[in-house]
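Undergrad: My questions all concern the structure below.
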Amino acid sequence: MNKKASIIIPCYNVEKTIDKCMESLTSQSIGIDALEIILVNDASTDNSYELLCKWEQAYPDSVLLINCTENGKAGCARNTGISYASAPYIGFVDDDDICEPDMFEILYNAAYNNGCDLAVCQSVRQSHYTRDNIQNAIQDRIFDITDMDKRINFLNKDINDAVWNKLYLKDFILENNIFFPENTLYEDIFFSHLVKIYCQKVYISGKVLYHHIISGTSVSKNNTPEQRIDFLSISLMLIEEIRSRKIPQEIAAWHDEQFIIQYITFIINYEKTFGKLDNEIYGIIISSVKNLYPDIMQIPAACMVLKNSSKPEFQEIIKMLL
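Here the working numbering is used: the first residue of the sequence shown is 1, the next is one more, and so on.
See below:
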């Protein structure tokens with residue numbers, strides 16, 4: 001049977017979580033024969049490799065194990081998985097998360113039957129898996145992005161930047177050179193924004209089909225100064241990538257506006273949580289932003305901040321870039 005979807009799972013020290021995750025995938029209603037599950041062992045230091053081998057041995061026609069000898073974080077593992085994917089659609093699952101039994105049947109049928117580059121389902125964040133009180137969040141809908149107004153409208157929609165509640169047309173990913181930054185956190189933000197720039201047709205399912213389990217090791221829970229700075233670094237990297245491509249000016253300008261807002265929010269939230277930024281690090285950040293925006297006053301969001309006297313702390317952040 002031809003595979004319908006390749007599901008890529010970055011695996012690093014997953015011995016306590018991978019079994020439940022894999023059980024939710026091997027029992028999918030689309031049928032295990034329709035799935036290619038690509039397990040990328042990202043140089044784990046526990047017994048993960050042995051466990052992953054057992055899953056490959058149990059489903060030799062549907063599970064592919066790739067063993068990396070150097071840790072490259074999730075971005076590298078996902079890029080590696082994409083390079084091995086043989087099915088027409090690609091999905092990503094985190095090793096400690098759970099999928100509803102019909103998740104990939106629903107997303108595949110939605111994407112295939114409607115000719116979509118992307119199909120999205122709703123998700124729920126939980127400290128442990130439970131189906132209690134799970135209700136459909138929104139109505140199903142399709143975005144047919146045929147002009148610039150519709151593109152900007154889509155960019156303004158919050159479909160979240162996670163990659164684990166989505167199914168992508170592989171040719172769409174490859175033809176537009178959409179990839180994950182490696183050896184950094186928040187690589188999914190970079191990937192997802194490139195997807196939003198290029199996708200032409202998107203199906204949004206209102207069903208909650210993905211359970212994102214927040215564990216003690218989750219990036220979203222363990223918020224450190226280094227992780228916050230990685231977030232800003234990814235935002236800078238995205239702006240640089242957009243400028244290196246032939247992206248319409250309206251889309252580039254939208255991202256410039258968003259970056260200024262994110263930059264102000266980053267400084268404010270960082271100092272509220274961790275105290276003043278180290279002077280040397282702050283200097284590097286300011287220099288990086290100035291290199292991208294030598295005339296910050298060309299960005300309307302920056303001008304609006306300077307005119308808003310009720311937010312002097314915001315004004316000071318922008319003045320540092322003048």
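Idealized CB from N, CA, C, for every residue including glycine.
Going along the chain, which unbroken runs of the beta strand (DSSP E) with 3 or more residues stay wholly within the region 85–119?
TA: Listed in chain order, they are 89–92.
Undergrad: Which of the three DSSP states is assigned to residue 124 in this structure?
TA: In this structure, residue 124 counts as strand in the three-state DSSP scheme.
Undergrad: Can you have a look at residue 274 and say buried or exposed, based on whether 16 or more other CB atoms are within 10 angstroms of its CB?
TA: With fewer than 16 other Cβ atoms within 10 Å, it is exposed.
Undergrad: Using 10 angstroms around the beta-carbon of residue 324, count the other beta-carbons present and answer buried if the total reaches 16, otherwise exposed.
TA: The shown model of the chain, from 1 to 322, leaves out residue 324, and the question about it has no answer.
Undergrad: Would you identify the three-state DSSP class for residue 208, choosing helix, strand or coil?
TA: Of the three classes helix, strand and coil, the one that applies to residue 208 here is strand, per DSSP.
Undergrad: Bridge partners of residue 167, per DSSP?
TA: According to DSSP, which records beta bridges pairwise, residue 167 is partnered with 91 and 119.
Undergrad: I'd like the span of the alpha helix (DSSP H) that includes residue 287, first residue to last.
TA: 279–292 is the extent of the alpha helix (DSSP H) around residue 287.
Undergrad: Which residues does DSSP list as the beta-bridge partners of residue 201?
TA: Per DSSP, 144.
Undergrad: Name the one or two DSSP bridge partners that residue 195 has.
TA: Per DSSP, none; premise fails for residue 195.
Undergrad: To the nearest whole angstrom, what separates the beta carbons of residue 52 and residue 64, a pair I think is in contact under 8 Å?
TA: 10 Å between Cβ atoms; not a contact.
Undergrad: To the nearest angstrom, how far is the alpha carbon of residue 320 from that of residue 286?
TA: Distance between the alpha carbons of residue 320 and residue 286: 7 Å.
Undergrad: For residue 326, count the other beta carbons within 10 Å of its own beta carbon; 16 or more makes it buried, fewer makes it exposed. Which is it?
TA: The shown model of the chain, from 1 to 322, leaves out residue 326, and the question about it has no answer.
Undergrad: In this structure, does DSSP put residue 43 in helix, strand or coil?
TA: Correct three-state label for residue 43: coil.
Undergrad: Relative to the C-alpha of residue 212, which residue among 129, 114, 81 and 87 is closest?
TA: The option with the nearest alpha carbon to residue 212 is 129.
Undergrad: Going by DSSP, which residues form a beta bridge with residue 251?
TA: Answer is none; residue 251 lacks a bridge partner.
Undergrad: Report, in whole angstroms, the separation of the C-beta atoms of residue 37 and residue 25, which I expect to be a contact under 8 Å.
TA: That belief holds up - the Cβ atoms of residue 37 and residue 25 are roughly 6 Å apart, short of 8 Å.
Undergrad: Check residue 153 in the structure and name its three-state DSSP category.
TA: It is helical.
Undergrad: When the Cα atoms are used, what is the spatial distance from residue 81 to residue 307?
TA: The straight-line gap from Cα to Cα measures roughly 48 Å.
Undergrad: Restricting to Cα atoms, I'd like to know which of 111, 160 and 164 is closest to residue 144.
TA: Taking only the C-alpha atoms, the option nearest residue 144 is 111.
Undergrad: By DSSP, does residue 5 sit in helix, in strand, or in coil?
TA: Correct three-state label for residue 5: strand.
Undergrad: Does the Cβ of residue 22 have 16 or more other Cβ atoms within 10 Å, making it buried, or fewer, making it exposed?
TA: The residue is buried, with at least 16 neighbouring Cβ atoms inside 10 Å.
Undergrad: Apart from the five residues just before and just after residue 225, which ones in its own chain have a Cβ nearer than 6 Å to its Cβ?
TA: Once the five neighbours on either side are set aside, the close Cβ partners of residue 225 are 274.
Undergrad: Going by DSSP, name the residue or residues bridged to residue 67.
TA: Answer is 41.
Undergrad: Under 8 Å Cβ to Cβ from residue 68, same chain only, skipping five residues before and after it: list those, please.
TA: Hits under 8 Å: 40, 41, 42, 43, 76, 77 and 80.
Undergrad: Hey, would you say residue 266 sits closer than 8 Å to residue 167, going by beta carbons?
TA: Not in contact: residue 266 and residue 167 (Cβ atoms no closer than 8 Å).
Undergrad: Would you list the residues sitting across from residue 181 in a DSSP beta bridge?
TA: None; residue 181 has no bridge partner.
Undergrad: Could you check how far apart the C-beta atoms of residue 405 and residue 202 are, in whole angstroms? I think they sit under 8 Å.
TA: Because residue 405 is not part of the residues shown, which for the chain are 1 to 322, the question remains open.
Undergrad: Could you tell me the boundaries of the alpha helix (DSSP H) in which residue 300 lies?
TA: Where residue 300 is concerned, the enclosing alpha helix (DSSP H) stretches over 300–307.
Undergrad: Nearest to residue 191 by alpha carbon, out of 60, 238 and 223?
TA: When only C-alpha atoms are compared, the closest one is 238.
Undergrad: For residue 56, which of helix, strand or coil comes out of DSSP?
TA: Three-state result, residue 56: helix.
Undergrad: State the start and end residues of the unbroken alpha helix (DSSP H) segment that holds residue 319.
TA: Residue 319 -> alpha helix (DSSP H) spans 312–319.
Undergrad: Using only the alpha-carbon positions, how far apart do residue 74 and residue 181 sit?
TA: Residue 74 and residue 181: Cα-Cα distance of roughly 9 Å.
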